[in-house]
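Protein chains in written order, with my numbering: chain A, 134 to 247; chain B, 170 to 284. Where a beta carbon is used, it is the ideal one built from N, C-alpha and C, also for glycine.
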Amino acid sequence: AQKITQTQPGMFVQEKEAVTLDCTYDTSDQSYGLFWYKQPSSGEMIFLIYQGSYDEQNATEGRYSLNFQKARKSANLVISASQLGDSAMYFCAMRDHSNYQLIWGAGTKLIIKP
Amino acid sequence: GAVVSQHPSRVICKSGTSVKIECRSLDFQATTMFWYRQFPKKSLMLMATSNEGSKATYEQGVEKDKFLINHASLTLSTLTVTSAHPEDSSFYICSADVGQIDTQYFGPGTRLTVL
């Protein structure tokens with residue numbers, strides 16, 4: 134069965150520091166996609182970054198990068214130069230080609246300290 | 170970019186009444202729409218998957234008669250919470266899909282409070 138594991142329920146990080154949010158996944162499929170979403174207190178789910186299982190390079194989107202280690206089945210999110218506005222819940226998710234459903238991790242609550 | 174709207178954003182209703190939540194894809198046609206429920210400080214829980222013109226596929230444990238889903242067009246899906254009870258109070262969020270593995274667009278969510 135597919136599964137996403139986020140082992141950090143909460144994190145405190147000093148402003149301007151880089152932060153890594155952990156995500157490991159389990160699947161027997163060869164073709165799948167990995168996502169990171171940000172959910173601020175308003176509730177909206179904001180798409181951050183996507184990594185395809187066949188992508189050879191790590192995905193990057195501005196201050197966000199995804200450290201994809203396929204053999205270890207990990208897809209950690211790295212946020213560089215953190216900002217106060219980065220404080221939010223962060224969810225890692227996975228989907229495969231069979232049914233397009235997203236499998237969600239439990240989330241990590243990130244708090245950026247000034 | 171693709172935009173998904175949800176209406177209403179917040180609703181308070183009395184126990185026993187029904188509440189309809191709309192999910193619209195504004196600038197694209199969605200082959201599939203998903204409905205989620207989220208409890209405070211928890212992850213999203215998939216309730217059902219709906220495809221335009223066909224019956225929704227409900228996840229195990231989700232009452233079909235309680236949570237009615239209608240996907241009337243490629244741009245509109247509705248979730249009706251029938252005979253709402255306080256335990257139905259939650260954050261409901263929809264997402265829309267264009268059939269590509271790397272894309273799923275979310276609505277802003279609806280906070281339902283049943284008194």
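| task | Look up leucine 281 of chain B in the DSSP assignment and give the residues it is bridged to. | result | Position 112 of the second sequence, counting from 1, holds the residue named residue 281 of chain B. DSSP, once it has assigned bridges, lists B/Val180 and B/Ser259 as partnering leucine 281 of chain B.
- Task: Check the Cβ of phenylalanine 224 of chain A against every Cβ in chain B and list those closer than 8 Å, keeping chain order.
- Result: Here residue 224 of chain A corresponds to residue number 91 of the first sequence, with the count starting at 1. Chain B residues near phenylalanine 224 of chain A: Ser212 and Leu213.
Chain B within 8 Å of glutamate 177 of chain A, Cβ atoms only: One-based indexing of the first sequence puts residue 177 of chain A at position 44. Yes, contact with chain B.
*asked:* One question on the structure: do isoleucine 238 of chain B and alanine 265 of chain B come within less than 8 Å of each other, judged by their Cβ atoms?
replied: Locating residue 238 of chain B in the second sequence gives position 69, counting from the first residue. Locating residue 265 of chain B in the second sequence gives position 96, counting from the first residue. No; because the gap between Cβ atoms is not below 8 Å, this pair is not in contact.
- prompt: When burial is assigned at 16 or more other CB atoms within 10 Å of the CB, is leucine 167 of chain A buried or exposed?
  reply: Your numbering for residue 167 of chain A matches position 34 in the first sequence. Buried, since its Cβ has 16 or more Cβ neighbours within 10 Å.
- List in chain order: all unbroken beta strand (DSSP E) runs of 3+ residues lying wholly within the stretch 144–199 of chain A. Inside the stretch 144–199 of chain A, DSSP marks whole beta strand (DSSP E) runs of 3 or more residues at positions 152–154, 157–159, 165–172 and 179–185, from first to last along the chain.
*Beta-carbon contacts of aspartate 159 of chain A that lie in its chain and below 6 Å, excluding the five residues immediately before and after*: Taking the first residue of the first sequence as 1, we reach residue 159 of chain A at position 26. Around aspartate 159 of chain A: Lys136.
Exercise for the section: Go through its chain and collect everything with a Cβ distance to alanine 221 of chain A's Cβ below 7 Å, but skip five positions before and after it. Expected result: By one-based count along the first sequence, residue 221 of chain A stands at place 88. Taken in chain order, the residues that qualify are Lys171, Gln172, Pro173 and Leu243.
- Message: Which same chain residues end up closer than 8 Å to serine 133 of chain B when comparing Cβ atoms and leaving out the 5 residues on each side of it in sequence?
- Response: Nothing about residue 133 of chain B can be read from this structure; chain B reaches only from 170 to 284.
Who pairs with glutamine 207 of chain B in a beta bridge, going by DSSP? Position 38 of the second sequence, counted from the first residue, corresponds to residue 207 of chain B. Note: glutamine 207 of chain B sits in a beta bridge opposite B/Leu213 and B/Phe260.
Open item on the list: Which residues in chain B have a C-beta closer than 7 Å to the C-beta of tyrosine 183 of chain A? List them in chain order.
Closed with: The count along the first sequence starts at 1 and reaches residue 183 of chain A at position 50. Near tyrosine 183 of chain A (Cβ distances below 7 Å), the residues of chain B are Asp271.
Next item on the list: Keeping to the same chain, check which residues put their C-beta closer than 7 Å to that of methionine 178 of chain A; ignore five residues upstream and five downstream.
Entry: Along the first sequence, one-based indexing puts residue 178 of chain A at 45. Contacts found: Tyr170 and Gln172.
* Asked: So, is alanine 204 of chain A buried or exposed, given that buried needs 16 or more other C-beta atoms within 10 angstroms?
  -> One-based indexing of the first sequence puts residue 204 of chain A at position 71. Label assigned to alanine 204 of chain A: exposed.
Checklist line | CB of glutamate 148 of chain A within 8 Å of CB of isoleucine 212 of chain A, strictly | finding: Looking up residue 148 of chain A in the first sequence gives position 15. Looking up residue 212 of chain A in the first sequence gives position 79. The answer is no: Cβ separation not under 8 Å.
* To do: Let me know if serine 215 of chain A comes out buried or exposed under the rule of 16 or more other beta-carbons within 10 Å of its beta-carbon.
  => Counting from 1 along the first sequence, the entry for residue 215 of chain A is found at position 82. By the 10 Å Cβ count, serine 215 of chain A comes out buried.
| query | Exposed or buried, phenylalanine 208 of chain B, counting other C-beta atoms within 10 Å across all chains shown (16 or more means buried)? | reply | Stepping through the second sequence from its first residue, residue 208 of chain B is reached at position 39. With fewer than 16 Cβ atoms within 10 Å of its Cβ, phenylalanine 208 of chain B is classed as exposed.
Beta-bridge partners of valine 188 of chain B, as assigned by DSSP: Counting from 1 along the second sequence, the entry for residue 188 of chain B is found at position 19. The partner list for valine 188 of chain B (beta bridge, DSSP) reads B/Val250.
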